[in-house]
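S.K.:
2 protein chains.
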Amino acid sequence: MYLFPHAAPESHAERNAADAPGRVVGATTVLFHEGDHADALYEVVTGVFRATKVFQDGRRQVVAFAYPGDIIGFGHGDAYRFDCDALTPARVQVTARGDISQAMRQRPELGEKLLTLAAGEIASMHELSLLLCRKSAMERIAGFLLSLATRTGKLANDQRISLPMCRADIADHLGLTIETVSRNLTKLKLRGIIDLPGRGNFILRDLGRLQALAECEAVVH
Amino acid sequence: MYLFPHAAPESHAERNAADAPGRVVGATTVLFHEGDHADALYEVVTGVFRATKVFQDGRRQVVAFAYPGDIIGFGHGDAYRFDCDALTPARVQVTARGDISQAMRQRPELGEKLLTLAAGEIASMHELSLLLCRKSAMERIAGFLLSLATRTGKLANDQRISLPMCRADIADHLGLTIETVSRNLTKLKLRGIIDLPGRGNFILRDLGRLQALAECEAVVH
DNA sequence: CGTCGACTTGACACCTATCAAAGGCTGTGG
DNA sequence: CCACAGCCTTTGATAGGTGTCAAGTCGACG
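Written as structure tokens, this is what we have:
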């Protein structure tokens, strides 16, 4: 289940005996800030994380949402390129970079595994760029909801799916505004394609029509 | 200079004795199609390649342009996820996946190098998603021109920079239309920020103002 | 010189951003 | 338990940007 079950010694500075299955963090906990020395990889065990890039003029982009099984920390040089914090209470497996290099020398097959994981990250970034190139807001939002359903393993009708991110996060992820996101979600609800039973959730009602709106294969990973 | 100088035996099916520094291909040569069995990595030595994803409804996205030093073929599973062809005459170093696995077992440090390259690919996909999230067409186009200047090592005024892709490629890369790309390039020319001396080239005239346009919105009609 | 494709330019409609205000949920304090 | 404050979300009106359709220009090539 874990990427490096033995790679990180208990004596590591960021560990303590209590968090055996990984480090436990609360919602809003910051894993790292842009510019921090990029010295670790994080494997999400439970919960959802958010990676955000803030521009000088105050605009924001949510580069990615990380779900259990995702690795956070690829694609940075010496310093992290964006901020990362937890949207929900969560658990992460932290592995120092040095430990990874060492482990790879001892277990060469680990390199291939890591490369596969990095390839998965590249694939999901491809998916995001495909989403962002869609011209209409409805296509992007439909595609986004489908990717959430897929990643949570609930790609079926009448499943309650968690929506841990706020409208602003969705908007900044898709290059839209809060209002446009809200309007289109309402439209989907009025058409009977989804339900919005309360904050933080939605329910798929007509998967087929949602896929038709997204109008492409909704393959994530 | 090359990633795997010894990894691929001369007897490999896709090799012949004539292409010592890599395989030579002409413009419009197709490296692979979407759906092909993904059995190789390609390192661009010279020339420019284009990775395109075509949707059922005929719309197209140019996922990436690959310049010398870039690796093509990360981020696919068993089958390639998009098409890839050459925009110019080019040379590529082809390495079979099997050779890579084998080489990694023999030289563990190669795994780290590959991982670094994959990280670079992830970083450039992040850049693309940042571009695509910009709301205005001018910001995206300015950012795209700057990335071209950077990648060709000509990030300075009065340098002639090759623009091997057509307007449609740029448009499909940035989620815009041909007309919008054309109009904004013309606007940049009228403002004296770039020159368009002929097809397939542009010249940076005012790097500072182009960077200002890419970073934030300063629209003067 | 003529044809063809790529590019440019123009007119208009639609979609989305923007500005504004109201509604609803949540947590806190009385 | 209720009232209130604050934030998130929804909804409305408007304007501007970009897509769409259409025509015209430029350059390459036979």
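Top line first, the protein sequences correspond to chains P and A.
End of the first sequence = 221 in my numbering, gap-free, step of one.
End of the second sequence = 1221 in my numbering, gap-free, step of one.
Yeah, the Cβ is synthetic: ideal placement off N, Cα and C, and Gly gets one too.
1. Strictly below 8 Å CB to CB, what residues from chain A border SER101 of chain P?
2. Mind checking ALA149 of chain P: buried by the 16 CB within 10 Å criterion, or exposed?
3. Comparing alpha-carbon positions, which option in A:HIS1033, A:MET1104, A:ARG1151 and A:ILE1071 lies nearest ARG1091 of chain A?
4. What are the boundary residues of the alpha helix (DSSP H) that includes GLU215 of chain P?
5. At least one CB of chain P closer than 9 Å to the CB of ALA1142 of chain A: is that the case?
6. Work out the CA separation of GLN93 of chain P and VAL24 of chain P for me, nearest whole Å.
7. Opposite ILE72 of chain P in the DSSP bridges: which residues?
8. Relative to chain P, which residues along the segment 1054 to 1067 of chain A have a C-beta separation below 8 Å, given in chain order?
9. When DSSP labels each residue in this structure, what does GLN93 of chain P get in the three-state scheme?
10. Roughly how many angstroms lie between the CA atoms of GLY69 of chain P and LEU115 of chain P, to the nearest whole one?
11. For ASP1172 of chain A, would you say it is in contact with chain P, using Cβ-to-Cβ distances shorter than 9 Å as the test?
12. Since THR52 of chain P sits in a beta bridge, which residues does DSSP pair it with?
13. Just the Cα atoms here: how many angstroms apart are PRO1164 of chain A and SER136 of chain P?
14. Measure the Cβ-Cβ separation of TYR1067 of chain A and ARG1151 of chain A and say whether it is below 9 Å.
15. Let me see if you follow: with CB-CB separation under 9 Å, is PRO1108 of chain A close to chain P or not?
16. With a cut-off of 8 Å on the beta carbons, I'd call VAL63 of chain P and HIS1126 of chain A a contact; round off their distance for me.
17. If you measure from the beta carbon of LEU1130 of chain A to each beta carbon in chain P, is any gap under 9 Å?
18. Based on DSSP bridge pairs, tell me the residues matched to SER162 of chain P.
19. Taking the alpha helix (DSSP H) that LEU31 of chain P falls in, what are its first and last residues?
20. Report all residues from its chain with a CB closer than 6 Å to the CB of LEU1176 of chain A; omit the five preceding and five following residues, and keep chain order.
M.R.: Quick answer:
1. Stepping through the first sequence from its first residue, residue 101 of chain P is reached at position 101. Those within 8 Å of SER101 of chain P in chain A are GLU1112.
2. Numbered from 1 along the first sequence, position 149 holds the residue referred to as residue 149 of chain P. Buried is the call here.
3. Here the question's residue 1091 of chain A lines up with position 91 in the second sequence. Answer by Cα proximity: A:ILE1071.
4. Position 215 of the first sequence, counted from the first residue, corresponds to residue 215 of chain P. Note, GLU215 of chain P: premise wrong, no alpha helix (DSSP H); not H, not E.
5. Sequence index remark: in the second sequence, residue 1142 of chain A carries index 142 (1-based). With 9 Å as the cut-off, ALA1142 of chain A does not count as an interface residue toward chain P.
6. Position 24 of the first sequence, counted from the start, is the residue given in the question as residue 24 of chain P. Position 93 of the first sequence, counted from the start, is the residue given in the question as residue 93 of chain P. In a straight line, the C-alpha of VAL24 of chain P is about 9 Å away from that of GLN93 of chain P.
7. Reading the first sequence from its first residue, position 72 is the one you call residue 72 of chain P. P:TYR42.
8. PHE1055, GLN1056, ASP1057, GLN1061 and VAL1063
9. Mapped onto the first sequence, residue 93 of chain P falls at position 93. GLN93 of chain P: strand per DSSP, three-state reduction.
10. For the purposes of this step, residue 69 of chain P is taken as residue 69 along the first sequence, with counting starting at 1. For the purposes of this step, residue 115 of chain P is taken as residue 115 along the first sequence, with counting starting at 1. One C-alpha to the other measures close to 15 Å.
11. Position 172 of the second sequence holds residue 1172 of chain A. Cβ-Cβ to chain P under 9 Å: yes for ASP1172 of chain A.
12. Sequence index remark: in the first sequence, residue 52 of chain P carries index 52 (1-based). According to DSSP, THR52 of chain P bridges with P:VAL62 and P:ASP83.
13. Locating residue 1164 of chain A in the second sequence gives position 164, where the first residue counts as 1. Locating residue 136 of chain P in the first sequence gives position 136, where the first residue counts as 1. Between PRO1164 of chain A and SER136 of chain P, the C-alpha separation is close to 29 Å.
14. Working through the second sequence from its first residue, we reach residue 1067 of chain A at position 67. Working through the second sequence from its first residue, we reach residue 1151 of chain A at position 151. Yes, they are a contact pair.
15. Residue mapping note: residue 1108 of chain A aligns to position 108 of the second sequence, counting from 1. Closer than 9 Å: yes.
16. Locating residue 63 of chain P in the first sequence gives position 63, where the first residue counts as 1. Locating residue 1126 of chain A in the second sequence gives position 126, where the first residue counts as 1. Sure, about 6 Å apart at Cβ, within 8 Å.
17. Counted from its first residue, the second sequence places residue 1130 of chain A at position 130. Yes, LEU1130 of chain A counts as interfacial toward chain P.
18. Along the first sequence, one-based indexing puts residue 162 of chain P at 162. Partner(s): P:ASN201.
19. Locating residue 31 of chain P in the first sequence gives position 31, where the first residue counts as 1. Element bounds for LEU31 of chain P: not the alpha helix (DSSP H) but the beta strand (DSSP E), 30 to 32.
20. Along the second sequence, one-based indexing puts residue 1176 of chain A at 176. So the list reads ALA1137, once near-sequence residues are dropped.
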